[in-house]
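Visitor: In the working numbering, the protein residues as written are 39 to 424.
Don't be surprised by glycine CBs; every beta carbon is placed ideally from N, CA and C.
Owing to the predicted nature of the structure, the values given are computational and were not obtained by experimental measurement.
Below is one structure. I have some questions about it.
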């Protein structure tokens, strides 16, 4: 077989990958340059299932073959309004490069000056905390991790190039809250940040880039006091042993772009959270499973009615807006319409059987000429704009 640079990845287009929260995961790659790819790299996609929901798919994760996937769905009830979240770490074979995902929402807070703010936070299933910027939340997260030490913030990127997409999101939130009776909406803000940090973990020096988005909803309560409902998440981190992060950001960014929450599970989880907040019930493991199954069926009906499709279109519009700001990732599409996110640097691509694709920067390479390594029929693919 000729010596060429190739990249192989599994099918990246499924109902789970077309909608809801994909834009939040993709935001992480805004500041990451592409890195040199190894001679051949194969990626696979694994489903994260939720046993509490009857084993339905909660998320799909993209990772290189041979890397370890740890974690899953965590019903930690950190806040009642978002009782469950995806918490995963993907580790390289040498355990020196990690991809972390924690979301879709990491925290749910309420800030308020009213004497009843604590009661309001309890009723909403939120924590009463003065609102902070995304970078402040990341700093607090690092400071609270007892496993790490010698934390140093190298830089903070406020993602100014993504301002248009934050404004689009702000308008979407405003339209939803503005239509709620008695919401008394005053303002909506959306912020994000990438924090570049170094630290030691078990005496080993690490380097990492953390991304987080925060949404702030300013309202007025019945006594005229201001309340701020704010959510943070997902929090995503690319980390490696000191000096190695720059050489693996391309593949870590592709993993971030290809890791996303299933829209049906996400909507269902929110619905269950809202039910728990309203009823203040601790129903136990079996009750959670029943509620999630009912909520999933309801979410599927919403999808059939076009709600999930609307979310998919919203996220597609956000992605298209990143043409001038996103670096490190290209989109490829075959005749079947499936879209794949791939590190930049490849000029030729083919789609083959079993949902695999192969990429190369050598114009002489053709997988159809190497049936031993690439069995079946392969057809050319084309890059597509964001």
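(1) Could you give the C-beta distance for residue 96 and residue 112, rounded to a whole number, given that I count them as a contact under 8 Å?
(2) In chain order, which beta strand (DSSP E) runs of at least 3 residues are fully inside the stretch 233-263?
(3) With DSSP run on the structure shown, which of helix, strand or coil describes residue 290?
(4) Check whether the Cβ atoms of residue 376 and residue 334 lie closer than 8 Å to each other.
(5) Output the distance between the C-alpha atoms of residue 90 and residue 307, rounded to the nearest integer angstrom.
(6) What would DSSP say about residue 218, mapped onto helix, strand or coil?
(7) Given a cut-off of 8 Å on the beta-carbon distance, is the pair residue 233 and residue 176 in contact?
(8) Report buried or exposed for residue 378, applying the criterion of at least 16 other Cβ atoms within 10 angstroms of its Cβ.
(9) If we count the other Cβ atoms within 10 Å of its Cβ and call it buried at 16 or more, is residue 339 buried or exposed?
(10) Between which two residues does the alpha helix (DSSP H) harbouring residue 160 extend?
(11) Tell me the rounded alpha-carbon separation between residue 369 and residue 299.
(12) Just checking my contact of residue 331 with residue 150 at CB under 8 Å: how many whole Å lie between their CB atoms?
(13) Mapping the DSSP letters down to three states, classify residue 267 as helix, strand or coil.
(14) Residue 284: which of 245, 293, 271 sits nearest, CA to CA?
(15) Run the CB neighbour count on residue 200, radius 10 Å, all protein chains shown included, and call it buried at 16 or more, exposed below.
(16) CA-CA distance, residue 248 and residue 381?
(17) What would DSSP say about residue 118, mapped onto helix, strand or coil?
(18) Out of curiosity, what's the CA-to-CA distance linking residue 258 and residue 162?
(19) I think residue 272 touches residue 144, with their Cβ atoms under 8 Å apart; what is that distance to the nearest whole Å?
(20) Taking the alpha-carbon positions, what's the residue 310 to residue 119 distance?
(21) Roughly how far, in whole angstroms, is the beta-carbon of residue 80 from the beta-carbon of residue 101, given that I think they are within contact range, below 8 Å?
(22) When the Cα of residue 115 is compared with those of 138, 192, 312, which residue comes out closest?
(23) Can you find the residues in the same chain that come closer than 8 Å, C-beta to C-beta, to residue 134, ignoring five residues on each side of it along the sequence?
(24) Have a look at 255, 181, 243 and flag the residue whose alpha-carbon is nearest the alpha-carbon of residue 207.
(25) Can you round the beta-carbon distance between residue 274 and residue 160 to whole angstroms, since I take them to be within the 8 Å contact cut?
(26) For residue 203, list the residues DSSP reports as bridge partners.
(27) Buried or exposed: which applies to residue 225, given that a residue is buried once 16 or more other Cβ atoms fall within 10 Å of its Cβ?
(28) Please classify residue 350 as buried or exposed, where buried requires at least 16 neighbouring CB atoms within 10 angstroms.
(29) What whole-angstrom Cβ distance do residue 405 and residue 397 have, given they're in contact under 8 Å?
(30) Compare the Cα-Cα distances from residue 105 to each of 295, 126, 88 and report the closest residue.
(31) What are the boundary residues of the alpha helix (DSSP H) that includes residue 177?
(32) Looking at C-alpha atoms only, which residue of 421, 286, 239 is the closest neighbour of residue 183?
(33) Helix, strand or coil: how does DSSP classify residue 12 here?
(34) Mind checking who residue 275 pairs with in its DSSP beta bridge?
(35) Report the rounded CA-to-CA distance for residue 410 versus residue 420, giving the unit in angstroms.
Guide: Let me spell this out:
(1) Going by Cβ atoms, the distance from residue 96 to residue 112 rounds to 10 Å, so no, they are not a contact pair.
(2) Within the stretch 233-263, the complete beta strand (DSSP E) runs of at least 3 residues fall at 242-258.
(3) Helix.
(4) no
(5) 11 Å
(6) coil
(7) yes
(8) Around the Cβ of residue 378, a 10 Å sphere holds 16 or more other Cβ atoms; the residue is buried.
(9) exposed
(10) 155-162
(11) 19 Å
(12) So it is not a contact: roughly 35 Å between Cβ atoms.
(13) Strand.
(14) 245
(15) Burial call: buried.
(16) 19 Å
(17) coil
(18) One C-alpha to the other measures close to 15 Å.
(19) The Cβ separation is near 6 Å, so the contact holds.
(20) If I take the Cα positions, the gap works out to 8 Å.
(21) Contact flag wrong, Cβ pair sits at about 10 Å.
(22) 312
(23) 278, 279, 282
(24) Ranking 255, 181, 243 by Cα distance to residue 207 puts 255 first.
(25) Not confirmed; about 30 Å, so no contact.
(26) Paired residue(s): none; residue 203 is not in a bridge.
(27) exposed
(28) A caution first: residue 350 carries a pLDDT of 47, below 50, which makes its placement in the model unreliable, though a value can still be read off. Per the 10 Å Cβ criterion, buried.
(29) Contact doesn't hold; Cβ gap of about 10 Å is too wide.
(30) 126
(31) 172-181
(32) 239
(33) Within the shown structure, residues of the chain are numbered from 39 to 424, placing residue 12 beyond reach of any answer.
(34) 138, 248
(35) 25 Å
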